[in-house]
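Q: Submitted below is the structure of interest, expressed as structure tokens.
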Amino acid sequence: MKADYGWNEPYRAAILETDDAKLPHRLKAAKAAIDVRLHQWQSDHGGTPEERQAISDALAGLMGLRRELEARSQSAVCRICKRPIPLEDCKLDENGKAVHESCYVEAVLRLVANRSKAEQEPGA
Ligand SMILES: [Zn+2]
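With the numbering used here applied, the sequence shown covers 1 to 124.
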């Protein structure tokens, strides 16, 4: 038998939402409903181990959804680490490809390190 918790409905609405424009609101509503439940636990009974497990699964699910949504709504994906880039951290490399500033700096440092190594070992 599957227990029906108060936060189930907003949670299901979030995981079943297919419209990216509505998803942020659904995620917020589901998270809020779970927060309310967690708050209740602190004041009265602590809920069942089953519900606790269900909540931790639900929170992980919501986090995954949020990451997917962020990834979809980002137009830029880092050429180096393949992760989405927040607009404020977006840099273009020498080929005009989007990269994280930190990834780009690392790549340049690696390149410089390799080059100076090659210079020290001529004919290697
Ligand atoms: Zn990166």
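Where a beta carbon is used, it is the ideal one built from N, C-alpha and C, also for glycine.
Can you confirm whether residue 61, when its beta carbon is compared against all beta carbons of chain D, has any partner nearer than 8 Å?
A: Given the protein chain composition of this structure (a single chain), no chain D is represented.
Q: Could you compute how far the alpha carbon of residue 1 sits from the alpha carbon of residue 7?
A: Low confidence applies to residue 1: its pLDDT is 47, below 50, so where it sits in the model is not reliable enough to give any reading.
Q: Tell me residue 90's beta-bridge partners as DSSP assigns them.
A: Looking at the DSSP assignment, residue 90 forms a beta bridge with 100.
Q: Output yes or no for whether 8 Å exceeds the beta carbon distance between residue 49 and residue 70.
A: Cβ distance not < 8 Å, so residue 49 and residue 70 don't count as in contact.
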